[in-house]
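Q: Can you read through this structure? Questions will come right after.
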Amino acid sequence: MSKTLGKIIQIVGVVVDVEFPRDVKLPAIYDALHVKNGKETLVLEVAQHLDEHTVRTIALSSTDGLARGAEVVATGAPISVPVGTETQGRMFNVVGEAIDEKPQPKGKTAPIHRPAPDLSEQSNKTEILETGIKVVDLIAPLAKGGKAGLFAGAGVGKTVLITELINNIAKFHSGNSVFAGVGERTREGNDLYYEMEEAGVLDKTSLVFGQMNEPPGARLRVALSGLAMAEAFRDEGKDVLLFIDNIYRYTQAGAEVSALLGRLPSAVGYQPNLQQEMGALQERITSTKKGSITSVQAVYVPADDLTDPAPATTFAHLDATIVMNRALTEIGIYPAVDVLDSSSNSLDPEIVGEEHYRVAREVQRVLQQYKELQDIIAILGMEELSDDQKQIVARARRIQRFLAQPFHVAEKFTGNPGVYVKLEDTIRDAADILAGKYDDKPESWFYMVQGTLADQVARDAESAKQPEAKKD
Numbered sequence: 204m205s206k207t208l209g210k211i212i213q214i215v216g217v218v219v220d221v222e223f224p225r226d227v228k229l230p231a232i233y234d235a236l237h238v239k240n241g242k243e244t245l246v247l248e249v250a251q252h253l254d255e256h257t258v259r260t261i262a263l264s265s266t267d268g269l270a271r272g273a274e275v276v277a278t279g280a281p282i283s284v285p286v287g288t289e290t291q292g293r294m295f296n297v298v299g300e301a302i303d304e305k306p307q308p309k310g311k312t313a314p315i316h317r318p319a320p321d322l323s324e325q326s327n328k329t330e331i332l333e334t335g336i337k338v339v340d341l342i343a344p345l346a347k348g349g350k351a352g353l354f355a356g357a358g359v360g361k362t363v364l365i366t367e368l369i370n371n372i373a374k375f376h377s378g379n380s381v382f383a384g385v386g387e388r389t390r391e392g393n394d395l396y397y398e399m400e401e402a403g404v405l406d407k408t409s410l411v412f413g414q415m416n417e418p419p420g421a422r423l424r425v426a427l428s429g430l431a432m433a434e435a436f437r438d439e440g441k442d443v444l445l446f447i448d449n450i451y452r453y454t455q456a457g458a459e460v461s462a463l464l465g466r467l468p469s470a471v472g473y474q475p476n477l478q479q480e481m482g483a484l485q486e487r488i489t490s491t492k493k494g495s496i497t498s499v500q501a502v503y504v505p506a507d508d509l510t511d512p513a514p515a516t517t518f519a520h521l522d523a524t525i526v527m528n529r530a531l532t533e534i535g536i537y538p539a540v541d542v543l544d545s546s547s548n549s550l551d552p553e554i555v556g557e558e559h560y561r562v563a564r565e566v567q568r569v570l571q572q573y574k575e576l577q578d579i580i581a582i583l584g585m586e587e588l589s590d591d592q593k594q595i596v597a598r599a600r601r602i603q604r605f606l607a608q609p610f611h612v613a614e615k616f617t618g619n620p621g622v623y624v625k626l627e628d629t630i631r632d633a634a635d636i637l638a639g640k641y642d643d644k645p646e647s648w649f650y651m652v653q654g655t656l657a658d659q660v661a662r663d664a665e666s667a668k669q670p671e672a673k674k675d
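Residues are numbered in the working numbering as their position in the sequence shown, beginning at 1, plus a constant of 203.
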């Protein structure tokens, strides 16, 4: 079959116009075009048909050195990326090229653009996925095949929480994971690769990156590249986790591409098709009767404003929202998950059981009362509170510290060994704190506990015996 050849007639940054002969059919929207740029092959994606023989494309890597008149080859298909077991333990860019200095996989590939599964193919079972992170499992439980968002401003700990989730799922559930790094720091991608290699979980994870130093086209499409890899695992009957860090950068890249293509901006400068673009990605992240995709997405919140169109549009697609609060990092509570703002559709007695639901709601009630009393405490001090109010404050502060947890992925920074806490242990310990079983213990006793509170009591008993043994 003869190749369809065109030539570049205009280059404006990453927007490249390509003219084709009048007697050939134009490449379809989203088709990939290839052009030689020195030793590299640059991939262009068709975005618009300008007239009967000219297309406007977005370059997926740098156009430095590209010249008008260069020959362009139409591939006749969208961008395709490697899929299947060959991608595990490997790192790719947006167009599926290996970037870990290992050979390019020669197996199956899949297009990054495809429709969402029909409703008849989708599964409606609800099953909870235990993460081993106390505050997530108790307050915002993740449903297998659901979508969870991590909402936070800059530097509050989104990436650390996502990395811990990958670690726990790989180690304790033997699950397949796909990580899509969308517009984040290259250093973080590098650190993540070596951390996962060190933790022994890399061989269960496929990584795909379009980082913040890359053109907007790459950042816009890399989430779809990761999703194509996850869909392939799901269609093989596997349960897969898809991590996207950061979904806000996907929106931001869409706004940049939209402006480059000359579309009029919408509210706050975002692209006019923001909801359609977000829906095209999110509707594909679903469970079918063959397997499931459970997605955890970090969502950067610009200026900590949850009403910004980008995070607000993301909210509509999520089953669970995990909101991280900078005020908690200031008092040393990590992960800094806000128990009052976080929620999950799965926190329902019919799904999680009566006991879990009751304890979670009671934790939220106590922390809400503590929040309401904080103004009184700040102005008048603790002495002006009634005995009942003092008890609520004491238990709320204990709960707050109990929900702090040492992470495996932060061990080398904190020196504290990470812990995985079973859901039943979290529920039991939280219920015991609320019931006053540990009212005699100081607040610091609950902070960064290694394991369960019963383990902590046993350690206390052991250390109490040691001085006695020395006296003898």
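Beta carbons: idealized from backbone N, C-alpha and C, even for Gly.
Give the DSSP bridge partners of residue 411, in chain order.
A: In DSSP, residue 411 forms a bridge with 295 and 383.
Q: Nearest-angstrom Cα distance between residue 527 and residue 279?
A: Approximately 45 angstroms, taken between the alpha carbons.
Q: Would you identify the three-state DSSP class for residue 405, choosing helix, strand or coil?
A: Helix at residue 405.
Q: Is residue 473 buried or exposed, if buried means 16 or more other CB atoms sit within 10 Å of its CB?
A: Residue 473 should be labelled buried.
Q: Roughly how many angstroms lie between the CA atoms of residue 368 and residue 336, to the nearest whole one?
A: Rounded to the nearest angstrom, the two C-alpha atoms are 8 angstroms apart.
Q: Buried or exposed, going by whether 16 or more other CB atoms sit within 10 Å of the CB of residue 404?
A: Its Cβ being crowded by 16 or more others within 10 Å, residue 404 is buried.
Q: Under a Cβ-count criterion, where at least 16 other Cβ atoms within 10 Å of its own Cβ denotes burial, should residue 645 be classed as buried or exposed?
A: The residue in question, residue 645, is exposed, as its Cβ has fewer than 16 Cβ neighbours within 10 Å.
Q: Return the chain-ordered list of same chain residues with a C-beta closer than 7 angstroms to the C-beta of residue 662, the five sequence neighbours on each side being excluded.
A: Result list for residue 662: empty, nothing under 7 angstroms.
Q: Closest by CA to residue 649, which one among 592, 665 and 629?
A: Comparing Cα positions, the closest option is 629.
Q: Three-state secondary structure (DSSP) at residue 630?
A: Correct three-state label for residue 630: helix.
Q: On the premise that residue 299 lies in contact with residue 428, defined as a C-beta separation below 8 angstroms, what is that separation, rounded to the nearest angstrom?
A: Yes, they are in contact, since the Cβ atoms of residue 428 and residue 299 sit about 7 angstroms apart, within 8 angstroms.
Q: Name the DSSP beta bridge partners of residue 578, please?
A: According to DSSP, which records beta bridges pairwise, residue 578 is partnered with nothing at all.
Q: Are the region 344 to 360 and the region 461 to 475 in contact at 8 angstroms, needing three or more beta carbon pairs?
A: At 8 angstroms Cβ cutoff, the stretches do not touch.
Q: How about residue 234 and residue 249: are their beta carbons less than 7 angstroms apart?
A: Going by C-beta atoms, residue 234 is nearer than 7 angstroms to residue 249.
Q: Would you kindly work out how many angstroms separate the C-alpha atoms of residue 586 and residue 579, rounded to a whole number?
A: Between residue 586 and residue 579, the C-alpha separation is close to 10 angstroms.
Q: Beta-carbon separation of residue 356 and residue 495 under 7 angstroms?
A: No, the pair does not count as a contact, with Cβ atoms beyond the cut-off.
Q: Report buried or exposed for residue 204, applying the criterion of at least 16 other Cβ atoms within 10 angstroms of its Cβ.
A: Only weak support is given to the placement of residue 204: the predicted model assigns it a pLDDT of 42, under 50, and the value that follows is read from those uncertain coordinates. The residue in question, residue 204, is exposed, as its Cβ has fewer than 16 Cβ neighbours within 10 Å.
Q: Taking DSSP as the reference, what is the three-state secondary structure of residue 281?
A: Three-state DSSP puts residue 281 in a strand.
Q: According to DSSP, which residues form a beta bridge with residue 312?
A: Beta-bridge pairing links residue 312 to 285.
Q: Just confirm the distance between the C-beta atoms of residue 260 and residue 236, as a whole number of angstroms; I'd bet it's less than 8 angstroms.
A: That pair is a contact at about 6 angstroms.
Q: Grab me the residues of residue 457's own chain with a C-beta within less than 6 angstroms of its C-beta, minus the 5 sequence neighbours each way, in chain order.
A: Hits under 6 angstroms: 423, 474 and 480.
Q: Only counting the same chain, and skipping five residues up and downstream in sequence, which positions put a Cβ closer than 6 angstroms to that of residue 486?
A: Same-chain partners within the cutoff: 319.
Q: At what residues does the alpha helix (DSSP H) containing residue 604 begin and finish?
A: Taken as a continuous stretch (DSSP letters only), the alpha helix (DSSP H) holding residue 604 covers 590 to 605.
Q: Would you say the region 430 to 438 touches the region 384 to 397, given that touching needs at least three Cβ pairs under 8 angstroms?
A: Judged by Cβ distances under 8 angstroms, the region 430 to 438 makes no contact with the region 384 to 397, as fewer than three pairs qualify.
Q: Once you ignore the five residues that flank residue 606 on each side, which residues in its own chain have a CB closer than 6 angstroms to its CB?
A: Within the same chain, residue 606 has close Cβ partners 337 and 338.
Q: Here's the rule I'm using: 16 or more other beta-carbon atoms within 10 Å means buried, otherwise exposed. How should residue 350 be labelled?
A: Buried: at least 16 other Cβ atoms inside 10 Å.
Q: Who are the Cβ neighbours of residue 460 in its own chain at under 8 angstroms, not counting the five residues just before and after it?
A: Closer than 8 angstroms at Cβ, skipping near neighbours: 250, 261, 419, 420, 423 and 474.
Q: Are the CB atoms of residue 562 and residue 462 within a distance shorter than 7 angstroms?
A: No, these two residues do not count as a Cβ contact at 7 angstroms.
Q: I believe residue 514 touches residue 470 by the beta-carbon criterion, under 8 angstroms. Please report the beta-carbon distance rounded to the nearest angstrom.
A: Contact flag wrong, Cβ pair sits at about 13 angstroms.
Q: Tell me residue 547's beta-bridge partners as DSSP assigns them.
A: The partner list for residue 547 (beta bridge, DSSP) reads 523.
Q: Would you grab the beta carbon distance between residue 330 and residue 346 for me? Rounded to a whole angstrom, and I think it's under 8 angstroms.
A: Indeed they touch by this definition, with Cβ atoms about 7 angstroms apart.
Q: Considering only DSSP beta bridges, list what residue 211 is partnered with.
A: Beta-bridge pairing links residue 211 to 221.
Q: Between the alpha carbons of residue 376 and residue 340, how many angstroms are there, rounded?
A: Approximately 15 angstroms between the Cα atoms of the pair.
Q: When we look at the beta-carbon of residue 552 and count the other beta-carbons within 10 Å, is it buried (16 or more) or exposed?
A: Exposed: under 16 other Cβ atoms inside 10 Å.
Q: Here's the rule: buried if 16 or more other CB atoms are within 10 angstroms of the residue's CB, otherwise exposed. What is residue 616?
A: Counting Cβ neighbours within 10 Å, residue 616 comes out exposed, since fewer than 16 surround it.
Q: Enumerate, from N- to C-terminal direction, the unbroken beta strand (DSSP E) stretches of 3 or more residues contained entirely within the region 448 to 527.
A: Listed in chain order, the complete beta strand (DSSP E) runs (minimum 3 residues) inside the region 448 to 527 are 495 to 503 and 523 to 526.
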